[in-house]
Structures are given as structure tokens and as C-alpha cells.
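There are 2 protein chains.
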Amino acid sequence: MTTFEDIRKLIGDLPGPDLQAQRQAQIREPRLTKPAGALGRLEHLAEWLCAWQGRHPPRVERISARVFAGNHGVARRGVSAYPAEVTAQMVANFEAGGGAINQLCRVFDVEFAILPLDIDRPTGDFTEQAAMDEDACAAAFAAGYDAVPPAIDLLCVGEMGIANTTAAAALACALCGGTAAEWTGPGTGVGAAALAKKAAVVEAAVGLHRQAGADGLELLRRLGGRELAAMAGAIVAARLQRVPVVLDGYVCTAAAAVLTALRGDALDHCQVGHVSAEPGHRRLLQHLGLRPLLDLEMRLGEGSGAVLAAALVKAAAACHAGMATFEDAKVSTGPT
Amino acid sequence: MTTFEDIRKLIGDLPGPDLQAQRQAQIREPRLTKPAGALGRLEHLAEWLCAWQGRHPPRVERISARVFAGNHGVARRGVSAYPAEVTAQMVANFEAGGGAINQLCRVFDVEFAILPLDIDRPTGDFTEQAAMDEDACAAAFAAGYDAVPPAIDLLCVGEMGIANTTAAAALACALCGGTAAEWTGPGTGVGAAALAKKAAVVEAAVGLHRQAGADGLELLRRLGGRELAAMAGAIVAARLQRVPVVLDGYVCTAAAAVLTALRGDALDHCQVGHVSAEPGHRRLLQHLGLRPLLDLEMRLGEGSGAVLAAALVKAAAACHAGMATFEDAKVSTGPT
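Chains A and B, in that order, give the protein sequences.
Throughout, my numbering is defined as the position within the first sequence, counted from one, plus 67.
Throughout, my numbering is defined as the position within the second sequence, counted from one, plus 67.
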């Protein structure tokens with residue numbers, strides 16, 4: 068998988084849902100000891116798990132989180148409240164167990180790995196050139212693809228990279244249309260003046276790379292970053308391994324949106340863990356027709372929203388698999 | 068605690084928040100390795116835990132769920148899709164570990180108990196008489212009060228009782244005003260004709276007991292039920308033991324609303340776990356000025372939404388207590 072052609076072939080061949088396992092879930096659900104529909108979205112999650120795990124009952128025991136880190140040439144444009152060296156510092160913090168994501172993974176028994184991608188070599192400044200050439204973008208995609216562990220039940224993907232909400236905004240704007248300002252938010256917390264500058268940077272980048280059209284991989288290469296390419300690769304690998312995925316926030320969803328540009332159903336095995344306080348995320352989810360599971364005003368990245376939501380997915384599987392049926396429990400099903 | 072006068076005194080003497088512990092949380096929060104505010108509502112949860120546990124850092128290790136079951140005279144009016152014997156059948160199901168709440172408690176390591184309250188003796192039909200006399204109501208309150216285990220970190224409260232969304236609607240309508248139809252929903256899933264009948268039952272009950280005025284305990288006695296009184300008792304006991312509480316759905320919130328009628332800040336140590344698909348719940352939360360943590364279209368009761376949300380509260384405590392500070396992790400705090 069060293070060229071875009073390889074990746075296009077891979078995505079073209081992605082498997083669909085297991086309709087038989089999904090059907091088994093639909094048959095069991097109304098037999099469980101609760102009013103029909105009373106578990107709301109948990110019921111849909113259980114059915115979705117069956118469809119994409121290819122088994123019934125669903126199982127969510129082994130959950131892994133993969134967080135990819137990258138550095139961005141555009142960081143030099145002053146688009147973040149933090150300097151670029153924070154990416155490496157936070158990678159070290161994750162390795163030492165001090166990040167929010169470390170605590171969340173510990174609480175929910177999620178296996179965690181942080182994968183820094185050439186963070187000493189930032190991508191090109193996409194206001195002047197493409198962020199990556201095809202080799203670099205395909206290599207980052209492959210790194211994500213290879214990072215999905217075998218025999219897991221659920222994958223959470225996340226990222227860390229100073230300036231990467233600028234990349235997310237540029238990608239979202241190029242993929243979905245609209246103005247740069249509509250897609251640009253405060254990220255780590257820039258003020259009003261810096262926010263206007265950030266939107267101008269996004270506008271310039273989208274204009275410079277307009278020739279890429281709507282080709283997801285070309286846009287990923289020009290406006291993305293290594294951690295975005297890696298997340299896309301991990302999402303694709305999970306589909307092939309029949310591992311459902313929980314996406315995180317704005318940057319993660321922008322990377323995932325690249326895949327839908329290549330194939331409309333490419334994210335059907337994914338849930339959006341949460342909607343970020345970064346305003347572009349809600350807009351992007353609406354554009355993609357995706358509903359988040361949580362809305363807690365978080366905007367941290369690191370896979371934090373994905374891991375929180377994975378707990379809900381695990382709960383959904385446990386209810387579906389473990390609850391008694393009306394027959395088993397001798398509970399009346401209605402006023403007959 | 069055998070009279071309403073005892074209960075009124077207890078509620079009058081409830082302790083307030085620990086402002087010193089809360090302040091310690093406010094001091095630590097901006098030092099943690101994340102942009103300010105990036106954990107959104109999790110940050111507020113950590114601070115709230117400190118205020119109501121009376122300690123810093125917060126700790127959420129030992130979580131208990133208490134689910135109270137009761138039967139209702141008004142069930143004879145055909146207000147539920149299920150017959151009244153389902154209450155006892157579901158109690159047996161919970162005892163055998165077959166309910167949704169059992170699976171959720173297992174997933175999130177929450178200690179569980181179901182407490183049936185005289186379920187072979189339904190309360191009075193409140194379209195004709197008060198549901199309970201003062202002795203019965205105070206006894207149910209005391210049963211909930213005594214059900215909170217010692218030395219826990221967080222309490223989830225829930226209920227089971229055929230026809231109890233009718234009681235919730237009547238209580239909410241009497242406490243908050245508006246029409247019966249605005250507060251009445253399908254509950255376990257009644258159709259349109261039964262829904263209209265249910266609203267008429269609620270309207271008749273509220274009219275019959277109008278003389279109770281806005282007195283929370285009088286309304287609880289007349290329009291509530293044993294499991295509602297018990298939830299109110301458990302919420303009060305938790306406050307006294309410095310145990311924060313996660314509320315569940317419509318019936319639970321209606322019971323809690325009785326307490327705010329007695330004392331405006333009586334629920335400050337409580338979070339609302341989720342907003343139910345039962346439409347009256349969203350309305351009641353707006354009336355009380357409370358924001359739910361989850362919105363997953365659930366409408367099961369049993370404490371199910373509370374236990375799911377307790378996982379978020381636990382995550383909030385873990386992040387606040389366990390994350391590295393900028394100083395510890397040698398992470399730059401800004402572009403100085």
C-alpha cells in the first residue's frame with residue numbers, strides 16, 4: 068500500500084454489513100424484558116455492532132484506542148494558541164500516562180497507544196505548497212492501517228497535532244463547500260484576532276489547492292496531515308477486520324470525511340462519539356448525515372470523546388447480549 | 068422519621084456545598100495538560116463532585132444504584148401498556164440479573180439493589196382518593212433514606228412501577244402548572260386513544276387534589292407512590308452523607324422535584340443522568356433549570372440512564388485527579 072492507487076482499490080473493495088447477524092439482533096431485541104424501543108439509541112448500537120462485527124450476539128470486551136500525532140507546517144502561521152513543540156511534549160505526556168485520554172482509557176479498560184508520525188518533520192505549509200507528496204501521505208495512511216491490533220471488538224481513533232484544526236477546517240471546506248469562516252473555530256483557544264487570521268489561512272489554502280477538486284485522497288495529501296491520513300487508514304483497516312469504530316471530534320471526522328468522498332458508505336461501520344464544541348464539527352456532522360452519541364462541550368481531541376462514547380457502545384452490547392427475554396423471565400408482554 | 072414534620076426538619080437542615088474543596092478543584096483544573104475548558108462538562112462535573120463530596124481530589128470508585136419498585140392503584144384505569152403484575156415480575160427479573168439495569172451495573176462496576184415497597188399492596192387510586200396517607204408516605208421516604216449504603220462515592224436512583232409515569236405526570240403538572248396533556252406521554256408505549264385517556268386521568272387527579280397547593284410532601288402523598296417517596300428519601304440521605312447523586316428519567320425527576328418545592332437548592336448535589344424520550348421529562352428539566360448529561364432517546368427507568376451517566380461522572384473524576392499538570396509534564400502553556 069504505497070500509492071494512492073493501492074488505497075483506492077482497498078476502499079473500492081470494502082465489505083458491507085453482515086445482514087444475517089443484523090437480522091438476528093432485530094429478532095432478539097423485541098423479546099428482551101423492556102418496552103419496545105425503551106433503550107433508544109442503545110438498541111440501534113447493538114444492531115449496528117452485529118452488522119459490522121459480523122456476529123450475533125455482539126461483543127465489546129476488547130477495546131483499543133489509537134491516537135496519532137503529527138506536526139504541521141501551517142503552525143508557523145500562528146493559527147494555534149500553543150507552539151508546535153507542544154505536540155512532542157504531549158506525546159511524551161501520553162507515553163507517561165498523564166493525558167486525559169490515559170485516564171479515560173484506564174477507567175473504561177481501553178487499551179491505548181500513541182503513535183507519533185515523523186513529528187520532528189512537519190508537513191509542508193499548505194498555504195504555499197501541498198502538505199505532503201503522495202508517498203508521504205500513503206505512508207501515513209499505511210501507518211494507521213497497520214496500527215489496528217488483531218482480534219479487538221471496537222476501535223477508537225484520535226489525534227494530537229498543534230494546528231490540526233486548521234487542517235480539519237481546510238479539508239472540511241474543500242470537501243463540503245461554504246466559506247472558510249464557517250469551518251474555522253478557536254481550536255485550542257485562539258482569540259478573535261487570531262481566529263480571523265486562521266480563517267484567512269484556511270481560505271488561502273483552499274484556494275491554492277482548488278485544482279484537487281473533490282478527490283478525497285488529493286485533498287488529504289494537500290490539506291491534511293500525517294495524523295489525519297493515519298486515522299483514515301485505521302478506519303479502513305478496521306472495516307476489513309470487522310471491527311466497528313468510534314470516531315472522535317472535528318479533526319478525526321474531517322479525516323473520515325475524506326473516505327466518504329471516495330465511497331459513500333465508507334463510514335457505515337463508524338459511530339461519531341461526540342460533537343465537539345469546535346463549531347465546524349457540528350456543521351460537518353450535519354453535512355455527512357452523522358449523529359454524535361455525546362454532546363458534552365468537549366474539544367480536546369486525543370480520542371477523548373471516542374473513548375467516552377465507547378463505554379456507551381459497550382453498554383449497548385451488554386444489554387442486548389445479557390438481558391433476559393420475556394419468556395425466560397416469565398414477564399407478561401402486554402395486557403392480554 | 069415517621070411524620071412529614073420530621074422530613075421537613077431534615078430538609079431544612081440539609082448541608083450546603085464544601086466551598087473549599089470546590090475552590091481546590093478550580094485551582095487545579097487550569098493546570099492540567101489540556102487547553103482551558105477543553106474537557107467541557109467533565110470539568111464542571113469534577114468541580115461539582117468536590118463541592119458535594121467535600122474533598123479534593125474527587126473520587127468515584129464505589130458507585131451504588133438503588134432501584135425502588137411500587138404498585139399504583141391508578142393502574143386499574145388502563146394507563147399502561149402492561150398489567151400491574153409486571154412490577155413484581157420485573158422485580159424478580161432484577162433479582163435474577165436479567166434486567167437492562169443489571170447489565171449496565173455489571174459493565175460499569177456499580178453495586179445494585181432492587182427494593183420492592185409493598186408491591187402486593189398498591190397505593191390508592193388517586194383519581195378517587197390520596198395515593199397514600201402520611202404514615203405510608205413517610206415510611207416509604209424512610210425506606211429510601213435508609214437504603215443509601217455507607218461510604219459510597221456516588222449514588223444512582225431509579226424506579227420500576229407499572230403506571231408510575233401517570234403519577235409522574237400528575238406530580239409534575241401539580242408542581243409546575245400547565246395542562247395535563249403537556250405532561251402526559253406514552254410511558255411504556257400506549258397508543259393514541261389510551262394516551263388521551265391517560266391525560267384525562269392525570270387531569271382528574273390534579274383537579275381532585277388541588278387543595279394540596281404547592282406543598283411538595285402533600286403532593287407526593289396524594290399523587291406519588293411509594294417508589295417516588297423512597298427516591299426522594301434516598302436523595303436526601305445522600306446529601307447528608309456527602310454522596311452526590313445521579314438522577315434517572317421522568318419518574319425519578321418528578322420525585323426529586325418534590326424536594327425543590329420544599330427547598331430551592333435541594334437538588335444541587337444531583338446531576339440529571341439523561342433526558343428521557345418521555346416528552347414530559349424534557350419539559351420538567353427545563354422547568355427545574357436542570358441539564359441532562361445524556362440524550363439517547365431512552366425511556367426505560369430502572370436507573371438505566373443514571374448508571375450510564377455515572378460512567379461519565381467517574382471519567383470526570385479520573386481526569387481531574389489523574390492528569391498531569393503542565394509543570395509536571397513540562398508542557399508549554401502558550402506561545403510566550
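All C-beta atoms in this analysis are idealised placements derived from N, C-alpha and C, irrespective of residue type, glycine included.
Values in this document were obtained by computation on a predicted structure and should not be read as measured data.
- With a contact defined as Cβ atoms closer than 8 Å, V374/B and A305/B miss out at about 15 Å.
- Bounds of the alpha helix (DSSP H) holding P346/B are P346 to L355.
- Residues of the stretch 256-278 of chain B that bring their beta carbon within less than 8 Å of a beta carbon in chain A comprise G256, in sequence order.
- Contact annotation: in the stretch 214-227 of chain A, no residue has its CB less than 7 Å from a CB in chain B.
- Sorting H348/B, V158/B, D200/B and W119/B by C-alpha distance to the C-alpha of L357/B places H348/B at the top.
- Taking 8 Å as the threshold, the shortest C-beta distance from R293/B to chain A does not fall below it.
- Per the Cβ contact rule, the stretch 148-166 of chain A is not in contact with the stretch 378-388 of chain A (fewer than 3 Cβ pairs under 8 Å).
- Non-local beta-carbon contacts of G137/B in its own chain, meaning distances under 6 Å to residues more than five positions away in sequence, involve L184, G228, G292, R293 and E294 in chain order.
- When beta bridges are read from the DSSP output, H387/A appears opposite no residue.
- Secondary structure at A105/A: coil, using DSSP grouped into helix, strand and coil.
- Per DSSP, A180/A is one residue of the beta strand (DSSP E) stretching across V177 to P183.
- When DSSP states are grouped into helix, strand and coil, I130/B belongs to the strand group.
- L238/B and L182/B have their alpha carbons spaced roughly 22 Å apart.
- Two segments are said to touch when three or more pairs of C-beta atoms, one from each, lie closer than 8 Å; by this definition the stretch 235-252 of chain A touches the stretch 270-281 of chain A.
- Using a CB distance cut-off of 8 Å, G166/A counts as an interface residue toward chain B.
- Nearest CB-CB separation between V318/B and chain A: not below the 8 Å threshold.
- When DSSP assignments are scanned along the stretch 359-387 of chain B, the uninterrupted stretches of beta strand (DSSP E) that are 3 or more residues long and fall wholly within it turn out to be 359-361.
- Burial is judged here by how many other beta carbons sit within 10 angstroms of a residue's own beta carbon; P102/A has at least 16 and is buried.
- Using beta-carbon distances, L367/A counts as an interface residue toward chain B, with a partner under 8 Å.
- Under DSSP, T392/A shares a beta bridge with L99/A.
- Contacts with chain A at 8 Å (Cβ-Cβ) do not include S131/B.
- At least one C-beta of chain A is nearer than 8 Å to the C-beta of T100/B.
- The beta carbons of V303/A and T320/A sit about 15 Å from each other, so the pair does not count as a contact at 8 Å.
- Taken through DSSP and simplified to helix, strand or coil, E195/B comes out as coil.
- In the three-state reduction of the DSSP assignment, V174/B falls in the helix class.
- Judged by DSSP secondary structure, Q338/B falls within the beta strand (DSSP E) whose first and last residues are C337 to H341.
- Just measuring C-alpha positions, the residue of G145/A, C223/A, D187/A and D202/A sitting nearest D176/A is C223/A.
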